[in-house]
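Right, one structure below, let's go through it.
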Amino acid sequence: MSRRVKKAPKVQASQFNVHASKDQGLHKYIAHDAFHNSVGQHDSRNHFHKARDSAVLTKIMRWLEDPGFETPILWIHGLPGVGKSSIARKIAEMCTQSEKSLASFFFSREGRNTAEKLVPSLAYQFSLSIPEIREDLIRVLGEDPLLPSRNLNIQVQSLIIKPLIEHDLRTAPGLENRAIIILDGLDECRPEDQRNILEMLSKIGADHSQSSPFFLVFSRPESHIKTIFTKEPLRSLTWCLALNDFVVPQFSELNALYVQLLSSSSTHVEEILQILSLLLLCKSLPSQAVYPPFYLCHRRRTRNSITRSKSRMPHSRSSFWTGGARENISSIRPRDARL
Numbered sequence: 001m002s003r004r005v006k007k008a009p010k011v012q013a014s015q016f017n018v019h020a021s022k023d024q025g026l027h028k029y030i031a032h033d034a035f036h037n038s039v040g041q042h043d044s045r046n047h048f049h050k051a052r053d054s055a056v057l058t059k060i061m062r063w064l065e066d067p068g069f070e071t072p073i074l075w076i077h078g079l080p081g082v083g084k085s086s087i088a089r090k091i092a093e094m095c096t097q098s099e100k101s102l103a104s105f106f107f108s109r110e111g112r113n114t115a116e117k118l119v120p121s122l123a124y125q126f127s128l129s130i131p132e133i134r135e136d137l138i139r140v141l142g143e144d145p146l147l148p149s150r151n152l153n154i155q156v157q158s159l160i161i162k163p164l165i166e167h168d169l170r171t172a173p174g175l176e177n178r179a180i181i182i183l184d185g186l187d188e189c190r191p192e193d194q195r196n197i198l199e200m201l202s203k204i205g206a207d208h209s210q211s212s213p214f215f216l217v218f219s220r221p222e223s224h225i226k227t228i229f230t231k232e233p234l235r236s237l238t239w240c241l242a243l244n245d246f247v248v249p250q251f252s253e254l255n256a257l258y259v260q261l262l263s264s265s266s267t268h269v270e271e272i273l274q275i276l277s278l279l280l281l282c283k284s285l286p287s288q289a290v291y292p293p294f295y296l297c298h299r300r301r302t303r304n305s306i307t308r309s310k311s312r313m314p315h316s317r318s319s320f321w322t323g324g325a326r327e328n329i330s331s332i333r334p335r336d337a338r339l
C-alpha cells in the first residue's frame, strides 16, 4: 500500500504538462498576455528610432555576449515615453531569432501589476525553448502541486534555477547560451512586489554568479527602485543603462543645427521649421524631459502651429523663447503623457 501512495504524485505530475488539453497545473498561474510575443503586446510607437535605439541595442547585446561583463543584471531605465517597452520587445525578438533561451514578462498596471504569475509564466516559456527541462518541471510539480503559490524565492529556485542548472550540467552551454529573462515595466508593479522581485534577483545573482540567467529589467527611474539598486549586493551585480543619456545629446545637436541654418541662408526655412517643432515640443515638457515619440505623434500639430507664426520668425534662440512662439507651448503640450 505504501508503494501505491508513492505513485500518487505521478498522477498529479501529469497535470503540469502544459500541452495537455485539460491542463490544471501551471495554466491557471500563467499570465498569457505578458509574453513579448503575446497578442496583447504591441508596439505603440509609430516609428522605431533607428539612430538612438540601434546604439542602445548594440550596448545591450554586447553585454549579453561579452564574457568581460561580470554582472548578471542589467537595469535599463528611462522616463515615460522614451521607448523602454519597444526596446525590450526588440531585444526579445533578436534573442529569439538567434535561438537564445529566453523568457519575458511585461508588467502592466491593468491586470499584470503583481508578481503572482511571474515565475510560473517564465518557467512555462523556458519549458518551450528548452524542451529538456520539461521533465524536470513535471517532476517538481508532481512532488509539490502547490509550488506556484509559494513565495517567490521558493518558486524561482524550484521552477527555474535548479532546472536550468541541471540542464547546464548536462550540456555545458557556455556564456553565449545562458538563459535570458526580460522583465519590463517593473514600476507598474505594487511596491511590495517590486522589492520582492529585486530581492529575488539579488539572491540569485549572489548564490549562482556563474550560472545565473541574465536579467534585463526595464523600468522608470523611480526613487525607491533606484534606492534598492544602489544597495549591496544588488549594486555589485547590476550594470545600469540610462536611456535618457542616448536622447538628450541628439537634441543638443538639433539646437546647434538650428543656429547654423538660421545664420546661413533663408532658403532653409523648411528645415528650420522642422527643427523648431521638435525643440519647441521639448521646451514645453516639464523638467526639460525629452520624448521622441511625442514629437512623432504631435509633429503635424506642432508644425502647423509654428507655420502660422513664421512671419514672426526669430533671429536668435533667445528671441524665440522670449517671443510670441512661447504662447504656442500650451497648444501642443502632449495630453496623453503619463508623467
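Under full-length UniProt numbering, think of the first position of the sequence shown as 1, with each following residue one higher.
We treat Cβ as the ideally placed atom computed from N, Cα and C, and that holds for glycine.
{"query": "Gly111 classed as buried or exposed, judged by whether at least 16 other C-beta atoms fall within 10 angstroms", "result": "exposed"}
{"query": "Start-to-end residues for the beta strand (DSSP E) that takes in Leu79", "result": "Per DSSP, Leu79 belongs to no beta strand (DSSP E) and is neither H nor E."}
{"query": "Runs of beta strand (DSSP E) wholly within the region 188 to 238 (minimum 3 residues, chain order)", "result": "214 to 219"}
{"query": "Separation of Val140 from Ser158, as counted between CA atoms", "result": "7 Å"}
{"query": "Per DSSP, cross-strand counterpart(s) of Leu102", "result": "Ile180"}
{"query": "Option in Phe69, Glu99, Asp193 with minimal Cα separation from Asn113", "result": "Asp193"}
{"query": "C-alpha gap between Val82 and Gly142, whole angstroms", "result": "44 Å"}
{"query": "Neighbourhood of Ile160 by C-beta distance below 7 Å, restricted to the same chain and skipping five residues each side", "result": "Val119, Leu122, Ala123, Phe126"}
{"query": "Distance between Ile204 and Pro131 (C-alpha atoms, nearest Å)", "result": "23 Å"}
{"query": "Buried/exposed call for Lys117, threshold 16 Cβ in 10 Å", "result": "buried"}
{"query": "Distance CB(Leu57)-CB(Ile87) smaller than 8 Å", "result": "yes"}
{"query": "Under the three-state DSSP convention, the category Arg112 falls into", "result": "strand"}
{"query": "Burial state of Pro67, where buried means 16 or more other Cβ atoms lie within 10 Å", "result": "exposed"}
{"query": "N- and C-terminal bounds of the alpha helix (DSSP H) containing Lys28", "result": "Taken as a continuous stretch (DSSP letters only), Lys28 belongs to no alpha helix (DSSP H), as it is neither H nor E."}
{"query": "Cβ-based burial, Leu198 [other Cβ within 10 Å; buried from 16]", "result": "buried"}
{"query": "Simplified DSSP assignment, three categories, for Leu241", "result": "strand"}
{"query": "Other residues of its chain near Ile225: CB distance less than 7 Å, five sequence neighbours each side excluded", "result": "Leu186, Asp187, Gln194, Ser219"}
{"query": "Short Cβ contact (8 Å threshold) for Asn244 with Leu79", "result": "yes"}
{"query": "Span separating the alpha-carbon of Arg317 from that of Arg109", "result": "In this predicted model, Arg317 has a pLDDT of only 44, less than 50, meaning its place in the structure is not dependable enough to derive any value."}
{"query": "Pair within 8 Å by beta-carbon distance, Ile182 and Leu216", "result": "yes"}
{"query": "Counterpart residues of Trp75 in DSSP-defined beta bridges", "result": "Val217, Cys240"}
{"query": "7 Å CB neighbourhood of Asn153 in its chain, flanking five on each side removed", "result": "Met200, Lys203"}
{"query": "Between the CA atoms of Phe107 and Met61 - distance to the nearest angstrom", "result": "22 Å"}
{"query": "Simplified DSSP assignment, three categories, for Asp168", "result": "helix"}
{"query": "Leu164 versus Thr171 - alpha carbon distance", "result": "10 Å"}
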